[in-house]
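S.K.:
Given below as structure tokens:
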């Protein structure tokens, strides 16, 4: 029971972080650009790269890697839900492909084309946000009902191993110890008080 709770909490935290990333990028790309008459090549390429990075990281979520395989084949209803979630992924991928195919490496030179660009971007985000909502409202409850205690333990183990692996890949930062401040590094008032103490 504790393992199941830990796993679901960890997945919920990941889902919340993903939602924040999605909404933040959506705000940046769609809301800020919809009023513009043109977009530069740099703006378009930034959008294409950002969508691609987000989509790639989306597919490496713990929910995708560990929970969905444990749910697959459990019931017909679970498989139907997974099929519908895959369709939302496909809709996002198609929107991203349409954006890259039509606009990548180009400037967007009219308000009409900016509007079309932003609509495609919005389609991408709507598909992923809808999938995220359905995962939270439908997939997690299904997982609770079909995954056994032993399987929850296995999922939690894989998630912990994944976290440890990611932690190992992060570059270590050397933390400098407290430096010995010289008299020249002190504030004028501190230097004056030190001089008075010496006398």
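Numbering (the working numbering), first residue to last: 380 to 578. Ideal Cβ placement from N, Cα and C applies to all residues, glycine included.
So what does DSSP say about residue 508, is it helix, strand or coil?
M.R.: The sequence position of residue 508 within the chain shown is 129, counting from 1. Looking at residue 508 - three-state DSSP - the assignment turns out to be helix.
S.K.: Drop a sphere of 10 angstroms on the beta-carbon of residue 423, count the other beta-carbons inside from all chains shown, and report buried for 16 or more, exposed for fewer.
M.R.: In the chain shown, counting from the first residue as 1, residue 423 sits at position 44. The residue is buried, with at least 16 neighbouring Cβ atoms inside 10 Å.
S.K.: Give a yes or no on contact between the segment 513-521 and the segment 433-451, applying the rule of three or more CB pairs nearer than 8 Å.
M.R.: Yes: at least three Cβ pairs fall under 8 Å.
S.K.: What residues match up with residue 487 in a beta bridge as DSSP calls it?
M.R.: Looking up residue 487 in the chain shown gives position 108. 418, per the DSSP bridge assignment.
S.K.: Hey, could you find the ends of the alpha helix (DSSP H) residue 385 is sitting in?
M.R.: Here the question's residue 385 lines up with position 6 in the chain shown. Start and end: 381-405.
S.K.: Could you give the residue range of the alpha helix (DSSP H) that holds residue 478?
M.R.: Counting from 1 along the chain shown, the entry for residue 478 is found at position 99. Looking at the DSSP string, the run of the alpha helix (DSSP H) that includes residue 478 is 455-482.
S.K.: Ordered along the chain, which non-local residues of its own chain (more than five positions away) have a Cβ less than 8 Å from that of residue 420?
M.R.: The residue given as residue 420 occupies position 41 in the chain shown. So the list reads 484, 485 and 486, once near-sequence residues are dropped.
S.K.: Helix, strand or coil: which one does DSSP assign to residue 412?
M.R.: Numbered from 1 along the chain shown, position 33 holds the residue referred to as residue 412. Here residue 412 sits in helix by DSSP.
S.K.: Note down, in chain order, each residue of its chain lying with its Cβ closer than 6 Å to the Cβ of residue 531, except the 5 sequence neighbours on either side.
M.R.: In the chain shown, the residue the question calls residue 531 occupies position 152. 382, 383 and 386.
S.K.: With respect to the alpha helix (DSSP H) encompassing residue 323, which residues constitute its N-terminal and C-terminal limits?
M.R.: Because the chain spans 380 through 578 in this model, residue 323 falls outside it and cannot be assessed.
S.K.: Cutting at 8 Å between CB atoms, please list the residues of its own chain near residue 393, excluding the five before and the five after it.
M.R.: Position 14 of the chain shown, counting from 1, holds the residue named residue 393. Same-chain partners within the cutoff: 440, 441 and 442.
S.K.: What residue range does the alpha helix (DSSP H) around residue 615 cover?
M.R.: Because residue 615 is not part of the residues shown, which for the chain are 380 to 578, the question remains open.
S.K.: Quick one: Cα of residue 510 to Cα of residue 504, how far?
M.R.: For the purposes of this step, residue 510 is taken as the residue at position 131 of the chain shown. For the purposes of this step, residue 504 is taken as the residue at position 125 of the chain shown. Approximately 10 Å, taken between the alpha carbons.
S.K.: Nearest by alpha-carbon distance to residue 432: which of 546, 493, 492 and 479 is it?
M.R.: Along the chain shown, read from residue 1 onward, the residue named residue 432 stands at position 53. Of the listed residues, the one whose Cα sits closest to residue 432 is 479.
S.K.: When the distance is taken between beta carbons, is residue 429 closer than 8 Å to residue 404?
M.R.: Translated into positions along the chain shown, residue 404 becomes position 25. Translated into positions along the chain shown, residue 429 becomes position 50. It is a contact, given that the beta carbons lie within the stated cut-off.
S.K.: Rounded C-beta distance between residue 506 and residue 474? I'm assuming under 8 Å.
M.R.: Position 127 of the chain shown, counted from the start, is the residue given in the question as residue 506. Position 95 of the chain shown, counted from the start, is the residue given in the question as residue 474. That belief holds up - the Cβ atoms of residue 506 and residue 474 are roughly 7 Å apart, short of 8 Å.
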